[in-house]
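**Q**
In our numbering, the protein residues as written are 85 to 126.
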């Protein structure tokens with residue numbers, strides 16, 4: 085009763101301006117993080 089371990093995604097945070105949340109790149113990276121958390125747990 086084992087499960088295959090998936091490879092954790094690499095999320096590129098370069099180009100994210102932390103002083104400007106809500107910008108296009110910020111939202112794209114946020115979506116990647118949320119997807120990884122939903123898939124692999126936290």
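Note that CB positions come from ideal geometry on N, CA and C, so glycine has one too.
(1) Among the candidates 92, 113 and 126, whose CA atom is the shortest distance from the CA of residue 102?
(2) If I'm right that residue 109 touches residue 100 with Cβ under 8 angstroms, what's the distance once you round it to whole angstroms?
(3) So, helix, strand or coil for residue 92, using DSSP?
(4) Who are the Cβ neighbours of residue 92 in its own chain at under 8 angstroms, not counting the five residues just before and after it?
**A** Quick answer:
(1) The count along the chain shown starts at 1 and reaches residue 102 at position 18. That would be 113, whose Cα lies nearest to the Cα of residue 102.
(2) Position 25 of the chain shown, counting from 1, holds the residue named residue 109. Position 16 of the chain shown, counting from 1, holds the residue named residue 100. For residue 109 against residue 100, the beta-carbon gap comes to about 5 angstroms, under 8 angstroms, which counts as contact.
(3) Translated into positions along the chain shown, residue 92 becomes position 8. Here residue 92 sits in coil by DSSP.
(4) Counting from one through the chain shown, the residue named residue 92 turns up at place 8. Excluding positions up to five away in sequence, the list reads 120 and 124.
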